[in-house]
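To keep things clear, I will list the structure first and then write my remarks on it.
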Amino acid sequence: MSEIKLGIIGGGQLGSMLSEAARKLKIKTIIYCNDPDAPAKNFCDDFIFAEYDNKDKIYEFAKKTDIITYEFENIPYETLNELNKLKPVRPKPSVNRLIQHRLAEKDFINKLNIRTTRYVQVDTKEDLLPLNDFLPGILKTTTLGYDGKGQYPIKNMDEINSLNINFDNEYILEKLVKLKKEISVVITRFNNNKYEIYEPIENFHKDQILRHSKIPAEISEKLFEQSKEWAILIAEELKYIGTLCVEFFIDRNDNLYVNEIAPRVHNSGHLTINAYNISQFENHVRAVCSLDQIPLKKISNAEMINLIGNQIVPYRENPKVNNNQFLFDYLKKDIKEKRKMGHLTTLK
Ligand code: ADP
Ligand code: MG
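Numbering (our numbering), first residue to last: 862 to 1209.
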């Protein structure tokens, strides 16, 4: 029996699903989170509640663990770096620092000769005014964004005054891609040229939030291969250990762009729990804990629907689903609009 104790920073649904996967592998999990009611509290073996810059608590956390990983990006670099001096942090802190900054992330991707949308740094209103060429576009905070938070879609410069943009933040302006589709590729890298990769997943967003995902993605063979190649190139270049997700745009001319990289397990990969022999969560735990790499096998086509806000209510009242369906309730106490409360996967 393994004696590994895995520390996970962040206590959301991704932390819960990582803990469940770890339990299956007889690995104990200790979650560190700044929310005393974090949903992952229901799934882990031990829980530390503290802010992400609390030095004493960080030290206490490190002492309890053998290996440390994280389930969200927005962790202070200083914290990951301090932890890494005490116990191995995987993926390594420098990867997280790069990816949590949208400008640094896009510069990195372009250096690999991988296409992204056109983008430019914006620090002041004066920076923004001459950038007509990038409109229609989306102004995004360079850090701390998720599920469309910190984003302002801009059609024309006349709108700018009414948007009440807070220029204390640093921004990136991205030209809007005329989207035909969005896909993502989830990959788990174990070591040099050793990885397990899932087939591309097709994603449907509304109001910048993922609503549902499915495999197979309805895309050409060429895009199927190119998206996987780019995901492998990114994972290798980062010398990544663990599960990573690359989000892509496909425009109306079938050009592929990388939208962003998530240095963690990803919402679009939830269907891997039921559609593959090994889920993105189990693979992440396997990779960061240096366990065996098992070849991936697809079991079924699948579709995953996010249950957002009140959409969880009928399932809480009657959780019975069909034999080919799997319901996940994240056990979040408060139902909030736009909050991911659970998901439903259907095997097809
Ligand atoms: P988050 O970090 O919140 O996931 P993203 O940059 O992935 O932010 O944006 C969320 C969603 O908004 C994307 O999945 C896409 O649907 C839409 N979006 C963002 N940027 C663009 C863009 N440049 N062109 C077209 N759609 C975009
Ligand atoms: Mg995104």
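Beta carbons: idealized from backbone N, C-alpha and C, even for Gly.
Closer than 8 Å: residue i CB and nearest the ligand NAD heavy atom
i	result
Gly871	Although the ligand NAD was asked about, the structure shown includes only the ligand ADP and the ligand MG as ligands.
Helix, strand or coil at residue i [DSSP, three-state]
i	result
Lys884	The sequence given here has Arg at residue 884, not Lys. Three-state DSSP puts Arg884 in a helix.
Gly1203	strand
Gln982	strand
Thr1133	helix
Asp1115	coil
His1073	strand
Arg1177	helix
Ile892	strand
Ile1026	coil
Pro1062	One point to set straight first is that residue 1062 is Ile, not Pro, in the sequence displayed. In this structure, Ile1062 counts as strand in the three-state DSSP scheme.
Asn1052	strand
Gly876	helix
Lys1193	coil
Val1047	strand
Residue i versus residue j: straight-line alpha-carbon distance, rounded
i	j	result
Leu879	Lys953	18 Å
Val1119	Ala911	35 Å
Asn1144	Asp968	28 Å
Ala1148	Gln961	21 Å
Thr977	Leu1094	15 Å
Tyr931	Ala923	13 Å
Phe920	Asn1171	The displayed chain sequence assigns Tyr, not Phe, to residue 920. When rounded, the distance between both Cα atoms is 39 Å.
Ile970	Phe904	35 Å
Asn993	Arg979	13 Å
Lys1083	Ala1092	14 Å
Distance CB(residue i)-CB(residue j) smaller than 9 Å
i	j	result
Lys887	Leu867	no
Leu990	Leu1000	no
Phe1187	Leu1168	no
Ile1139	Glu1043	no
Ile909	Ile891	yes
Val1107	Ser1045	yes
Ile1076	Tyr1059	yes
Leu1132	Thr1049	no
Lys1015	Leu1040	Reading off the sequence, residue 1015 comes out as Ile, not Lys. No, the pair does not count as a contact, with Cβ atoms beyond the cut-off.
Asp1008	Leu1071	yes
Gly1203	Ile1173	yes
Thr1003	Asn1022	no
Ile1102	Phe1142	no
Ile929	Pro949	yes
Arg963	Ile1033	yes
Lys1159	Ala1123	no
Cys894	Ala883	no
Lys1201	Asp898	no
Leu875	Val1182	no
Glu1057	Ile1155	yes
Residue i burial status per 10 Å Cβ neighbour count (16 or more: buried)
i	result
Glu1212	What the structure shows of the chain is the stretch from 862 to 1209, and residue 1212 is not part of that stretch, so it cannot be assessed.
Gly871	buried
Arg1113	exposed
Met1018	exposed
Leu973	exposed
Leu1099	buried
Val956	buried
Asn1128	buried
Glu966	buried
Phe1109	buried
Pro1061	buried
Thr985	exposed
Per DSSP, cross-strand counterpart(s) of residue i
i	result
Lys1001	Gln1012 and Ile1033
Leu1188	Leu1205
Ile1166	His1073 and Leu1205
Ala1123	Cys1106
Leu1040	Asp1112
Val829	There is no way to answer for residue 829, as the model of the chain reaches only from 862 to 1209.
Pro909	The sequence shown places Ile at residue 909, rather than the Pro named in the question. Looking at the DSSP assignment, Ile909 forms a beta bridge with Tyr893.
Cβ of residue i within 9 Å of any chain C Cβ
i	result
Lys902	Although the question refers to chain C, the structure presented lacks it and comprises just one protein chain.
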